[in-house]
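Written as structure tokens, this is what we have:
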């Protein structure tokens, strides 16, 4: 029942030996009043003040002890140490664990002396070191250490309390005749150790900044899943395909990779989507292939391609200018051979672009048409079809009529953390997540309730101040709302510059403002942190779809500002989670 700092082991810790010892310190009665610091949560690249210490044990009336832990099988042959893990992988080292522990102990002493001064009583505290081999019986003798400094499988079985009592006794007897030793200062009480702990704990329980957490998260998320690799390989074997997947399953990344692979084979590719921002982003991703890959949101492409052609400009003010008039105009241009057809067509955000007019245009743009040509369509036909004119069934039927194709389904969410994925599913009305969540761990989703507009602005200002003090870079957060900027809570927040994102180039490490976008305009995009304001509806189908789109944009951190009038509805949603 020791005080453990930190009080938990990170899930990334794979050492069963270290976990075993952590549990002993945590659960045994004899460790009451001990303080045990451990480095099991620190990443390997973390620079520590006094070397690599697995456990630092502070015992009232006993002293401070550095413990090095070696799990698995351990052997020393001709001065070389061999460590074999449970996977039967062996690593070797010329520096043994006892030397590691001893060196760390001396580094610790130096750090204490530097912090408190040579004459301070803390420099007289008895210190020692030991090695733990929890999986084996360790019987190798050496002049470098004493048998009572070995905590192995046998000594754990015979009694860990008995072992530590003897360890303290032996180190006390070894040093009690030294000039610096005094029973009062060298065998510290609880108060002394608590004071010393305030200095020591920072090197074990270091609070990572938000930026550091995001850097580690990025390393985890920038990996294709096995599922994505399998579908990428399958697509290469199929001329025509429709790939469905929920938010975060990697549809856009596969579309981009497929476009690059086709370009590498010498094919010309038209890669398109609905959202202008994501079109700009994809354009940057394939910039080195711009001679082969044409990337644009469909509406931007239609407008640019129509320039220079004589058409009725009065049509541009009509509601169906982009949905009917321009697609028909461009279809005629391609059918007449005025513009050259593409070897391959790739459509992202397909749920917003599957309608007869667009399919007829696509048919004219790709060599062989939709019946015999090379094309891929990616989409989420469930909650993300917020611009769709047709039902999911109607869209899929249209695609069946357009040409025989293969169907693929992406199930694994590789964008969002487990916490973001689960809460997104809960709030948007799914009985269970429409995807499988990978191992990406993050932080809890935050729900903040506001009374009125003024209160929401105050809460938003406080939240931005909190994130700023945690060193979150401005470009890592995007504020979303179902409302336009001028009607949203983000307009005129005291103390902070918030600006609507017009294009992707505005988001950069050097920006001096927080970015804002409507949920609808940010569909298909993502940010490490998403903050959604102005939530005043949790029950209608359109609200669930919009929240699904907005929440699933968050890769790591997600904060929702919800009207107090929705609290009872939120409680009802929460009941589903608890049942």
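In the numbering used here, the protein residues as written are 2 to 580.
Glycine is no exception: its CB is placed at the ideal position from the N, C-alpha and C atoms.
Quick one, which of the options has its alpha-carbon nearest residue i's?
i, options, result
"residue 472", "421, 377, 510 and 125", "510"
"residue 554", "65, 235, 422 and 145", "422"
"residue 36", "444, 346 and 199", "199"
"residue 344", "69, 366 and 332", "366"
"residue 179", "148, 128, 108 and 192", "128"
"residue 252", "348, 406 and 477", "348"
"residue 524", "185, 448, 249 and 557", "249"
"residue 93", "81, 103, 100 and 106", "81"
"residue 546", "563, 506, 483 and 508", "483"
"residue 142", "197, 77 and 111", "77"
"residue 305", "340, 374, 458 and 183", "340"
"residue 168", "111, 470, 59 and 265", "59"
"residue 592", "254, 287, 283 and 147", "Limits of the chain in this structure are 2 at one end and 580 at the other, which puts residue 592 out of reach."
"residue 504", "396, 285, 183 and 188", "285"
"residue 5", "522, 201 and 193", "201"
"residue 61", "313, 185, 508 and 229", "185"
"residue 338", "368, 522 and 470", "368"
"residue 581", "111, 107, 145 and 18", "Beyond the ends of the chain as shown, which are 2 and 580, falls residue 581; an answer cannot be given."
"residue 532", "499, 407 and 506", "499"
"residue 254", "230, 269 and 373", "230"
"residue 269", "160, 346, 487 and 146", "346"
"residue 298", "308, 568, 353 and 474", "353"
Quick one: what's residue i bridged to in DSSP?
i, result
"residue 82", "77 and 94"
"residue 348", "273 and 378"
"residue 532", "480 and 560"
"residue 399", "Residue 399 pairs with nothing; no bridge assigned."
"residue 496", "Paired residues: none, contrary to the question."
"residue 408", "243"
"residue 130", "67"
"residue 450", "563"
"residue 501", "517"
"residue 58", "37 and 66"
"residue 3", "Answer by DSSP bridge pairing: none, since residue 3 is not bridged."
With the cut-off set at 7 Å, would you say residue i and residue j are in Cβ contact?
i, j, result
"residue 552", "residue 279", "no"
"residue 65", "residue 126", "yes"
"residue 54", "residue 67", "yes"
"residue 295", "residue 310", "no"
"residue 442", "residue 419", "yes"
"residue 462", "residue 513", "no"
"residue 562", "residue 449", "yes"
"residue 259", "residue 232", "no"
"residue 370", "residue 241", "no"
"residue 451", "residue 460", "yes"
"residue 428", "residue 548", "yes"
"residue 469", "residue 239", "no"
Leaving aside the five residues before and after residue i along the sequence, list all residues of the same chain whose C-beta is less than 6 Å from its C-beta, in chain order.
i, result
"residue 150", "131"
"residue 98", "69, 71 and 132"
"residue 541", "none"
"residue 3", "26, 32, 35 and 37"
"residue 335", "365 and 366"
"residue 393", "382"
"residue 502", "516 and 518"
"residue 86", "73"
"residue 445", "420"
"residue 430", "545"
Who are the Cβ neighbours of residue i in its own chain at under 8 Å, not counting the five residues just before and after it?
i, result
"residue 566", "537"
"residue 391", "355, 356 and 399"
"residue 325", "358"
"residue 176", "127, 182 and 187"
"residue 570", "539 and 540"
"residue 416", "222, 248, 249, 250, 251, 527, 553 and 556"
"residue 485", "519"
Could you pull out every residue in the same chain whose Cβ sits closer than 7 Å to the Cβ of residue i, ignoring the five residues on either side in sequence?
i, result
"residue 351", "378, 379 and 380"
"residue 529", "215, 477, 556, 557 and 558"
"residue 586", "Residue 586 is absent from the structure shown; the chain starts at 2 and stops at 580."
"residue 544", "538"
"residue 362", "328, 331 and 332"
"residue 172", "64, 127 and 129"
"residue 22", "56, 70, 133 and 135"
"residue 290", "261 and 264"
"residue 155", "138"
Answer yes or no: does any C-beta atom of chain B fall closer than 7 Å to that of residue i?
i, result
"residue 539", "In the displayed structure, chain B is absent; only one protein chain is listed."
Is it the case that the segment 411 to 422 contacts the segment 267 to 283, given that we only count it when at least three CB pairs across the two stretches are under 8 Å? no
Could you tell me whether the segment 304 to 321 touches the segment 244 to 256, where touching means 3 or more Cβ pairs closer than 8 Å? no
Taking contact to mean 3 or more Cβ pairs, one atom from each stretch, closer than 8 Å, check whether the segment 506 to 522 and the segment 483 to 495 are in contact. yes
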